[in-house]
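Data block below; observations after.
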Amino acid sequence: MKHLLWVILFVAALTAIWSAGLPVLAVLLAVLCGLAGLLYFIAGAARAGDGRTEQEREGYERFLKDIPPPPG
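And the structure:
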């Protein structure tokens, strides 16, 4: 719901800029904000990871470091 409010405000701002006689600025702003939003969602998906916290990941890595290598 929070994102919908931001989209509504953004569209209202673009409409105000366009109606003020600055269509180039409105298009530039739409493109830049669209790219920023796309990068935000891509970074959010990459940041999500596997659902474990940083402490859980560190504990697992520490556990793996303590395991002796297999006899070979």
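The opening residue of the sequence shown carries number 87 in the numbering used here; numbering runs sequentially from there. Beta carbons are placed, not taken as given, at the ideal position from N, Cα and C, and that holds for glycine. These numbers were taken from a predicted model, which means no experiment stands behind them.
Within the model, the alpha-carbon separation for Leu125 versus Cys119 is close to 10 angstroms. When secondary structure is reduced to three states using DSSP, Thr101 falls in the helix class. In this structure, the straight-line span from the alpha carbon of Ala112 to that of Trp104 is close to 6 angstroms. Closest option to Val117, judged by alpha-carbon separation, among Gly130, Thr139, Pro155 and Leu100: Leu100.
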